[in-house]
Every structure is written in structure tokens, then in C-alpha cells.
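Only one structure is covered here, and it is reproduced in the block below.
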DNA sequence: CAATATATCTGACTATAGTCAGGGAATGGC
DNA sequence: GCCATTCCCTGACTATAGTCAGATATATTG
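And the structure:
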């Protein structure tokens, strides 16, 4: 087999060339490519300009100008958001914009078909499977873990997904805890941390640490986007939380979890956590774990 | 699993965004991206401007200007080729250009590392494997089969690789046949055909048809680039040759092959060819096949 | 040898994709 | 309530990546 670097470099060249040409051919025909991508990112529901900028990583002046151009073509309108931060602006598609988006969707499908259709069914399946794998792992490799406020938009987005998932997976359901100032504060410095994993501009996971007692911290709210599970993100989140814990002079980390969260159980067991007796009265917990941070972490990497 | 089109579209978006940013960051720093790619394509051995244009699919005026820019920076020099077509020009790297290429190589490696290094060894292996698969299958999907002259540069390139491979694989070696006007002509219209498969500007396979007798054609020179075997290209080449054969009113196709060419044997057997008695005195052949083109082709696709 | 085609080049022009500085309005932290 | 910061905007400017119409020299074909 060719070396890792040679394979990645060849992939980079092939894909950049092939997709570059095809995107230009299919999507860059009617409008400049950025405008098409922008229209796509705005989507049917609309977005805040701020989120657009984060996701597309564009200069704010440039983005403004692009929006003005799309407005001039009557494809989008920007309004003050009905609630919330009055500095931000909400971009939405007009009726004409929605029509244009459908057209772009059709072109995107045609592009995708043109990649797959020359192949036999067997080869096409292999290509699509490999593309899915590359997609997932590129997202995983682009993950950046940052400390944020639990009340921030990325954190709240993750938490909503987290709670929704618990409600589905716990056998007896799950009642989302009330968001009080106290619960927000416990995951904030100086005694706590809230970490969010982001990839290509989107939140894809979270995890939090709070103070339990002298030298003892507790991990809460560990969650990873289901589509990206199995790519090592939770392991990196866990390592990042443990790193924060050391900063906070935590020597022992505890956590509890539910029987139904099998990936989590597997993660903790393989990351040096050992099961201990019940240490709290969490009605949703059936397992309690502990890890001593002083112990050299020998079993942490798979 | 998500639908084919959705997966391909997501792949397109993720990869375009991620690689776009990284290429810009790593390779687009010192010089514009095209110049770096151009330098890479020129490579240590030099190329004809014509081949550069084919491979990079650039406007000839634009390419000229890029070459002038690189010449102004003393990175390349263009000269009359020592032999052959005096209209063409040969581009070669200067000493300084070679140094710059090494620098770009280093940056490409750094880019590749940055994609892989955040992942665990296990995930990295999976990513690299999937990238290799996508690379191969994208090449396969981009294949275009065209009729050319057997004396043309693409055909000759393929034939050289073909003969070299036979010399290695045949147990008793292989002596390349002399290229006479007669052998070149037999694969040309009106009674023969020479087909070349090209992908992203490079030849990746060939196959030829010649006249054997009344209503009988013979397939010769079937070859596919080893790196791309197993992606269905040979099957498409074979189908294209059969299509040409029908044009030429050929009703029966014959071919011979060597014991050691196991992929070829497998290909012919699974494409409706059945083994027949020796019909020629080819010293390198141990198997002779025949297919009747009038028979509806039921077993042609895998 | 004439006619046609090919390979490269130059000049003139355009489209796309930005960057950067700075300003007005709203917000959050103290 | 002040001050720094954030969000979005405009104006001015630049870099990159082309396109297109010829001109010139060489090859190829009949």
C-alpha cells in the first residue's frame, strides 16, 4: 500500500480537481459559486447573518455585499430578528429564492449523479460508502474543542439535542432539567467548565465539568452528534475535560450514566474509569464511575 | 443509511470546504494556488506545454501567461524540445524551481499531516483507506473512452506500460513486437480500432480491435493501469470495443491470452466469452476465447 | 505546393473572490 | 450609566483566475 501522505496528497489533488470542475460546471453556471453556496446555507428556514459568517468563514464585509447582491436579485430578504439580539439580522429566502434553491438542489443532485452513474452498481456502492467514511472522518479531524459558556448558542444547541436523545433512549423517558442561573454557573469558571466540540463551523459535541467536593470533579452532559459517533470525538472531548480538570486541581473525576447509553459505558470503561458505588441520587443513573487523575493515564488511547 | 445522492452531496460540500481552506492556507501562501499546482505538474522531468494544458485543462493564453510569470521568477525555463514537433515547447524547472518544488512538497506533506494527525491511529488508517478508495473510484468514474491512432502519444504510453508489464508477468518474459506501419495500420479504420481510456487528463487504459477474417474481429492490447484495476474500467473498455466491433459488422470476436493474466481470464469468462481451440500460433498464448456478438449480451454486467 | 490545422504566444478585457479600515447601533460587564 | 465589544454595514482597494481575439511559426494532408 502507498504511504499515508502519498495517499492523502493524491486524494487532495484528485478530489480538488474533479469536484472543482464539476461544481463550476453545475453550480457556477447561473450565479457565482459563492452565491449558490450562500443560498444553500440560508436554506428554507433562514439564518442569522452571524451564523452564516461562522459557517462559511467569510469576511463580514464580503458577506454583507453578497447578501446585498442576492437582495438585489430578490432572492433573499434580511430583517431584524423577531426576538433576541437586535444587532443581528435574519436572512430568509423569498419565494423566488426558494425556487432558485430548488433549482440549485436539482443541479447538486445532477452533479452527484454524474459522479456515480458511470460506475456499475457495485462500484457505485463502494464509492458512496467510502465517501461517507471520508466525510465523517474529515469532520472528526477538523474538530476543535473550545471552552464556552453553557448558556451560549452552541452549548444550548448541543444540550437540546442531548436532552431530546435522552428522552428517546431512556426507558422511562427524561425530563429536561430547568435551566436556572445556578445550573449554568456550575459549569463555568472558576470551579467548572463547559466544552464544545466544533467542526467546520458547526457544533458537534459537548461535555461539562463541575465541582463536587474537595479535589473531586464530576463530568456531565457528554454528548456527540450521532452521525459522527465512532470517530473518536468523545474520546478527545473526555481527554479535554480531564485536561481542564487538572487545571482546576481536581484529582478525582466521577460521573454517572444510564444503562441504555452503551457507547458511553464502553467509552468510560476503556478510558480508565472504574465502576464505583452510587454516590448521588440521580434517578436516571444506574452506573457510577471514578477515575484518579494522579494515576499515569496508560489506558487512555485505543 | 442516507441516500446515495445525499451522501455524495454532503461529501462534495465537506471536502470542497475543508480542502479548499487547507490548500489555500498551505499552498496558496507564497504564490497563487495555480502557480503551485503548475510547478507541481511540471515536476522534476519537465513537460511539453501541450501536455500541461491537457492535464490541467487551462486556457492556452492563461497557461502561457502563468509560464511567463514563473519564468520571471526564474522558477522554470521553456525551450524548444530537443526532438519532435517544433511547435511545442518544453517546460523545465530551474535549480531554483526545483528548490521551490521541494518546498511545496513539504507544504503538501504538512497539509496531509494536518488532516490525519488529529485522529487516532485506527481512525487515521480508516480515513486513508477510504481516501484511497474514493481516489480510485473517482478516477474510474471520470474515465472517457475515445478512439485514437495507435501511434498517438497516449496510445504509445499505454502500450509501453503494457509491454513492460507482460515482460515481468509472463513466465518466460516477453519481446516487444516491432512497431511497423503494418501493425499500426491494423488497429486503425476502416477495419480496426484503437481505444484509449483517459481520466482527468491522463491515459489509464487501452484496447484494440483488428480484422481477422470475414465477420471476425480480434481483441488485442487490452490493458488498464494497475492502480485502477478492480474499478470496472476494463469492463467498460471491453464493452466499448464490442460496440466498435458491431459498427464494423463484426459478428464474432476472438482473443487470446496468457495463463498468467488472471484478471483478464476472469474478465473474459464473466463477459460472455467462452474458451475455444487454438486459432493462431501466438507463442505467448495459452487460452483462446470467442464471443458471438449476435447473441443478446445477458451476462455482460457484474 | 497550397490549404488547413495545431501549438504557442500577446494584448485587451472580465469575473470572481476576496481584504481592510472604519462607522453606527445594540449589547454585556462592571 | 459608562465602556469595551459585537454585529452588520459601506467604501475603497487588490488578487486571482480566468476569457477571447487574433498573430506567428510549424506540421500535416492531399
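Protein chains in written order, with our numbering: chain L, 14 to 315; chain E, 14 to 315. C-beta atoms are modelled at their ideal positions from N, C-alpha and C, and glycine is treated no differently. Note that this is a predicted model, so its numbers are computed, not measured.
Best match in the options for proximity to residue i [C-alpha to C-alpha]
i: residue 209 of chain L; options: L/189, L/186, L/175 and L/229; result: L/175
i: residue 22 of chain E; options: L/118, L/238 and L/228; result: L/118
i: residue 272 of chain E; options: E/184, E/239, E/200 and E/218; result: E/184
i: residue 83 of chain E; options: E/102, E/107 and E/69; result: E/107
i: residue 223 of chain L; options: L/201, L/243, L/115 and L/94; result: L/201
i: residue 212 of chain E; options: E/250, E/221 and E/198; result: E/250
i: residue 282 of chain L; options: L/73, L/85, L/270 and L/307; result: L/270
i: residue 233 of chain E; options: E/240, E/227 and E/220; result: E/220
i: residue 151 of chain L; options: E/294, E/139, E/154 and E/121; result: E/139
i: residue 296 of chain E; options: E/261, E/189 and E/160; result: E/189
i: residue 227 of chain E; options: E/236, E/240, E/204 and E/181; result: E/204
i: residue 268 of chain L; options: L/302, L/288, L/149 and L/237; result: L/302
i: residue 259 of chain E; options: E/292, E/240, E/291 and E/206; result: E/206
i: residue 144 of chain L; options: L/156, L/129 and L/155; result: L/129
i: residue 44 of chain E; options: E/92, E/96, E/116 and E/264; result: E/116
Cut-off 8 Å between Cβ atoms - residues of its own chain near residue i, not counting five sequence neighbours on either side
i: residue 19 of chain L; result: none
i: residue 322 of chain E; result: Residue 322 of chain E lies beyond the residue range present for chain E, which begins at 14 and ends at 315; the question has no answer from this structure.
i: residue 59 of chain L; result: 103, 104, 105 and 106
i: residue 237 of chain L; result: 210, 217, 218, 246, 247 and 250
i: residue 127 of chain E; result: 35 and 39
Inter-residue Cα distance where the pair is residue i and residue j
i: residue 279 of chain E; j: residue 225 of chain E; result: 24 Å
i: residue 312 of chain E; j: residue 247 of chain E; result: Because the pLDDT of residue 312 of chain E is 49, which lies under 50, any placement of that residue in the model is unreliable, and the number read from its coordinates should be weighed accordingly. Between residue 312 of chain E and residue 247 of chain E, the C-alpha separation is close to 15 Å.
i: residue 90 of chain L; j: residue 54 of chain E; result: 45 Å
i: residue 11 of chain L; j: residue 164 of chain L; result: Since the first residue shown for chain L is 14 and the last is 315, residue 11 of chain L is missing from the structure and cannot be characterised.
i: residue 178 of chain L; j: residue 266 of chain L; result: 24 Å
i: residue 66 of chain L; j: residue 109 of chain L; result: 23 Å
i: residue 74 of chain E; j: residue 100 of chain E; result: 15 Å
i: residue 104 of chain E; j: residue 111 of chain E; result: 13 Å
i: residue 307 of chain E; j: residue 255 of chain E; result: 11 Å
i: residue 304 of chain L; j: residue 168 of chain L; result: 25 Å
i: residue 57 of chain L; j: residue 68 of chain L; result: 16 Å
i: residue 299 of chain E; j: residue 187 of chain E; result: 14 Å
i: residue 191 of chain E; j: residue 289 of chain E; result: 28 Å
i: residue 37 of chain E; j: residue 48 of chain E; result: 12 Å
i: residue 98 of chain L; j: residue 136 of chain E; result: 40 Å
i: residue 286 of chain L; j: residue 235 of chain L; result: 15 Å
i: residue 92 of chain E; j: residue 76 of chain E; result: 15 Å
i: residue 86 of chain E; j: residue 86 of chain L; result: 43 Å
9 Å Cβ cutoff met for residue i and residue j
i: residue 325 of chain L; j: residue 32 of chain E; result: With chain L represented from 14 up to 315, any question about residue 325 of chain L goes unanswered, as that position is not in the structure.
i: residue 245 of chain L; j: residue 257 of chain E; result: no
i: residue 46 of chain L; j: residue 62 of chain L; result: no
i: residue 8 of chain L; j: residue 274 of chain L; result: Any property of residue 8 of chain L remains undetermined from this structure, which presents chain L solely from 14 to 315.
i: residue 141 of chain L; j: residue 17 of chain E; result: yes
i: residue 42 of chain L; j: residue 120 of chain L; result: yes
i: residue 149 of chain L; j: residue 240 of chain L; result: yes
i: residue 131 of chain L; j: residue 284 of chain E; result: no
Own chain, CB closer than 7 Å to residue i, minus 5 neighbours either side, in chain order
i: residue 253 of chain E; result: 158 and 208
i: residue 123 of chain E; result: 39
i: residue 27 of chain L; result: none
i: residue 276 of chain E; result: 242
i: residue 316 of chain E; result: The first residue shown for chain E is 14 and the last is 315, placing residue 316 of chain E beyond what the model contains.
i: residue 161 of chain L; result: 167, 168, 207 and 209
i: residue 196 of chain E; result: 190
i: residue 293 of chain E; result: 269
Same chain, Cβ closer than 6 Å to residue i, neighbours up to 5 away in sequence not counted
i: residue 314 of chain E; result: Any answer about residue 314 of chain E is weak, because its pLDDT of 44 lies below 50 and its placement is not dependable; what the coordinates show is given next. No residues qualify anywhere along the chain.
i: residue 35 of chain L; result: 124
i: residue 30 of chain E; result: none
i: residue 71 of chain L; result: none
i: residue 264 of chain E; result: 228, 306 and 307
i: residue 180 of chain E; result: 186 and 187
Extent of the continuous alpha helix (DSSP H) run through residue i
i: residue 53 of chain L; result: 46-55
i: residue 259 of chain L; result: 246-260
i: residue 64 of chain E; result: 62-69
i: residue 201 of chain L; result: Taken as a continuous stretch (DSSP letters only), residue 201 of chain L belongs to no alpha helix (DSSP H), as it is neither H nor E.
i: residue 172 of chain E; result: 166-182
Extent of the continuous beta strand (DSSP E) run through residue i
i: residue 265 of chain E; result: 265-270
i: residue 90 of chain E; result: 89-92
i: residue 230 of chain E; result: 229-237
i: residue 139 of chain E; result: First-last for residue 139 of chain E: 134-154, but that is the alpha helix (DSSP H), not the beta strand (DSSP E).
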